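**Q**
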Amino acid sequence: MTCLIWKTPTLRHSRLRKRLLSERSDPLIRSFEIADEQGQLLLTLPFAEVLDRARKARPPFPACSAKRRAPSPEVMASQRQKLAASLRQQIDAGRATRASLRQQIDAARETLEATRQTLKRTAELLDRTRQLSPPPHRRERGA
Numbered sequence: 020m021t022c023l024i025w026k027t028p029t030l031r032h033s034r035l036r037k038r039l040l041s042e043r044s045d046p047l048i049r050s051f052e053i054a055d056e057q058g059q060l061l062l063t064l065p066f067a068e069v070l071d072r073a074r075k076a077r078p079p080f081p082a083c084s085a086k087r088r089a090p091s092p093e094v095m096a097s098q099r100q101k102l103a104a105s106l107r108q109q110i111d112a113g114r115a116t117r118a119s120l121r122q123q124i125d126a127a128r129e130t131l132e133a134t135r136q137t138l139k140r141t142a143e144l145l146d147r148t149r150q151l152s153p154p155p156h157r158r159e160r161g162a
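Written out as C-alpha cells, the structure reads:
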C-alpha cells in the first residue's frame, strides 16, 4: 500500500498555476489525479475542493467575523479621539506645508522679476555701448 501525504498546494506560487494562466484555463474545472506506482488511479481531487479548503483554512477578516464582539463605547470613544487628533495633526502639517510652499513661490517670483529687470538693464546698456562705439573689426576696416 502506498502512503501519500497530501499538502494543500498554493496555486498562487505553483508552476501549475502559471501554466493554467498562460493557457487561460479555469483551474476550477481541473482536478488532481492521485495514482500509485503502477499508475492505478486512487483518487481524483477537484481543484475547487482544494481551493475551498484553502480558503476555509485562512482566518476570516476581522470586520467580517461573526464571533468578534463590537468594541465597548469607551474603546470607540478613545479610537475616535485618537483619529481626530491624528487628523488635526495632518491638517496642521498640510497648512504648514501650504504656507511654506506659498513663501517659496513668492520668493521664486521675486527672483524671476529681479532677473527680468537685470536682463532688461543689461540689454539697454549693451545697446548704448553699441551705439557709442562701433565694433573693433569695423574700425580696423575703416582705417
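Residues in the sequence shown are numbered consecutively from 20, following our numbering.
For glycine and all other residues, C-beta sits at the position ideal for the given N, C-alpha and C.
Keep in mind the model is a prediction, meaning the values are calculated, not measured.
How is the beta strand (DSSP E) around P65 delimited, first residue to last?
**A** Unbroken beta strand (DSSP E) run through P65: L60 to P65.
**Q** Alpha carbon to alpha carbon, how far is L131 from T137?
**A** The alpha-carbon atoms of L131 and T137 are separated by roughly 10 Å.
**Q** Is it true that the CB of L47 sits closer than 8 Å to the CB of F66?
**A** Yes. Within cutoff.
**Q** Restricting to Cα atoms, I'd like to know which of L144, Q57, F51 and E129 is closest to T63.
**A** When only C-alpha atoms are compared, the closest one is F51.
**Q** Distance check for A103 and S97, CA to CA, integer angstroms please.
**A** Using only the alpha carbons, I get a separation of about 10 Å.
**Q** In this structure, does DSSP put A54 in helix, strand or coil?
**A** DSSP places A54 in strand when its eight states are reduced to three.
**Q** Alpha carbon to alpha carbon, how far is Q150 from R135?
**A** If you take the alpha carbons of Q150 and R135, they lie about 23 Å apart.
**Q** Tell me whether E143 sits in a helix, a strand or coil according to DSSP, three-state version.
**A** E143: helix per DSSP, three-state reduction.
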